[in-house]
Amino acid sequence: MPPRLKSHERDLDLSDGLKLRLRPVRPEDKESLIDLVERMSPEDVRMRFHESTGTLSDSMAERLANVDQHHETAFVLVERDHADKAEIFGVVRVITDPKGEKGEYSVMVRSDMQGLGLGKYLMEQIIDHGRGRGIKDIVGEVTRANVSMLTLCDELGFTRRKSPNDLATVEVHLRL
Ligand SMILES: CC(C)(COP(=O)(O)OP(=O)(O)OC[C@H]1O[C@@H](n2cnc3c(N)ncnc32)[C@H](O)[C@@H]1OP(=O)(O)O)[C@@H](O)C(=O)NCCC(=O)NCCS
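Taken in order, the sequence shown gives residues 15 to 190; the numbers are from this note's numbering.
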C-alpha cells in the first residue's frame, strides 16, 4: 500500500524571498514538465536523460506526470502561491523494483536555479520518503562527467561502483 503522499507536502523559503512548496507530481503538471525541460541547458538534459533530446516528448511528459503509485514517487518544487498550476523549479523521482526494496532515483533542478541547495533538498526529501516507504537501497546512474551530482552524492553518503554496462557512467548507491 503506497504511503499517503499528502503528508509529504513541505514548504521551503529561499534566502532571496522565493517561497517554494514541495508536493507530489500530478497529471496536470504535464505541460509544466515540458516547460521545465525547455528551460534546461542541453548539457543538463543530457545529464538527466543520458541523451540530448532537448525537449520532452508529449508521451514522455504524460508518463512522468502520471506515476505508478505502487512503485514510483515523484515530487516537484513549485512556487507556493501558485502551487496548483505553476512553474516547476525541480523534480525528484524514485522508481522501485517489484519488491519495493531497491529504488532508482532521478533528479533535476532548473538550470537557472542550480547552486541554491535545491538539488540537495530534493535528494534529502526522496531519501526520507524512501525510508518511510521501506526502500532499503537507493541507486542512480550518473555520468562520470557530472561533477555536481557526484559531489552531491558524496555529501549524502552514497558510495560509487563501476557501472556494469557503461564505462561513461558510475552507479551510486545508498543503503537506507
Ligand atoms: C545535479 C543537480 C540536481 C544539483 O542540483 P543543485 O540545486 O545545483 O545542487 P545544490 O545547490 O543543492 O548543491 C548541493 C551540493 O552539490 C554539489 N555541487 C552542486 N553544484 C556543484 C558544482 N557545479 N560543482 C561541484 N559540486 C557541486 C556541492 O557539494 C553542493 O553542496 P554545497 O552547496 O554545500 O557545496 C543539478 O545540477 C541538475 O539538475 N543537473 C542536471 C540534471 C542531472 O544531472 N541530474 C542528475 C542525474 S540523475
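Even for Gly, the Cβ is constructed at its ideal location relative to N, Cα and C.
Residues of its chain near residue i, where Cβ-Cβ distance is below 6 Å and the 5 sequence neighbours each way are ignored
i	result
Met15	Since pLDDT at Met15 reaches only 42, below the 50 mark, its modelled position is unreliable, and the value read off the structure follows with that caveat. Cβ neighbours of Met15 beyond the five flanking positions: none.
Leu27	Here residue 27 is Asp; the residue named in the question, Leu, does not match the sequence. Counting only Cβ-Cβ distances below 6 Å, and skipping sequence neighbours, we find Lys33.
Glu23	Arg37
Asp58	Ser125
Met122	Arg62 and Val105
Met163	Val156
Pro178	none
Beta strand (DSSP E) segment containing residue i, residue limits
i	result
Lys176	Thr173 to Lys176
Leu36	Lys33 to Pro38
Leu181	Looking at the DSSP string, Leu181 is not in any beta strand (DSSP E), and its letter there is neither H nor E.
Beta bridge counterpart(s) of residue i as assigned by DSSP
i	result
His187	Val153 and Thr173
Ser120	Arg107
Thr69	In the DSSP output, where bridge partners are listed per residue, Thr69 has none listed.
Leu4	One cannot answer for residue 4 here, as it falls past the ends of the chain, which runs 15 to 190.
Ala88	Arg107
Glu93	Leu34
Ile102	Val92
Test item: CB-CB of residue i and residue j under 8 Å
i	j	result
Leu47	Leu91	no
Leu79	Pro112	In the sequence on display, residue 79 carries Ala and not Leu. No, the Cβ-Cβ distance between Ala79 and Pro112 is not below 8 Å.
Gly171	Gly148	no
Thr183	Thr157	yes
Ile102	Asp43	yes
Val81	Val51	no
Residue i - containing alpha helix (DSSP H), residue span
i	result
Ser125	That residue, Ser125, is in no alpha helix (DSSP H); it is neither H nor E in DSSP.
Gly81	With the sequence shown as reference, residue 81 is identified as Val, and Gly is not the correct amino acid for it. Segment: none, Val81 is in no alpha helix (DSSP H) and carries neither H nor E.
Lys134	Leu132 to Arg147
Met54	No alpha helix (DSSP H) holds Met54; DSSP gives it neither H nor E.
Nearest-angstrom Cβ-Cβ length linking residue i and residue j, presumed shorter than 8 Å
i	j	result
Arg145	Leu188	The Cβ separation is near 10 Å, so there is no contact.
Gln139	Val106	7 Å
Arg174	Val186	6 Å
Beta-carbon proximity list for residue i, same chain, < 7 Å, skipping 5 on both sides
i	result
Pro17	For Pro17, the predicted structure reports a pLDDT of 48, less than 50, and the residue's modelled location is therefore unreliable. A value from the coordinates is still provided. For Pro17, where only same-chain residues beyond five positions count, the Cβ hits under 7 Å are Gly146 and Arg147.
Ile109	His85, Glu86, Gly117 and Glu118
Glu76	Lys44
Residues of its chain near residue i, where Cβ-Cβ distance is below 8 Å and the 5 sequence neighbours each way are ignored
i	result
Lys134	Leu166, Glu169 and Leu170
Asp151	Glu115, Lys116, Gly117, His187, Leu188, Arg189 and Leu190
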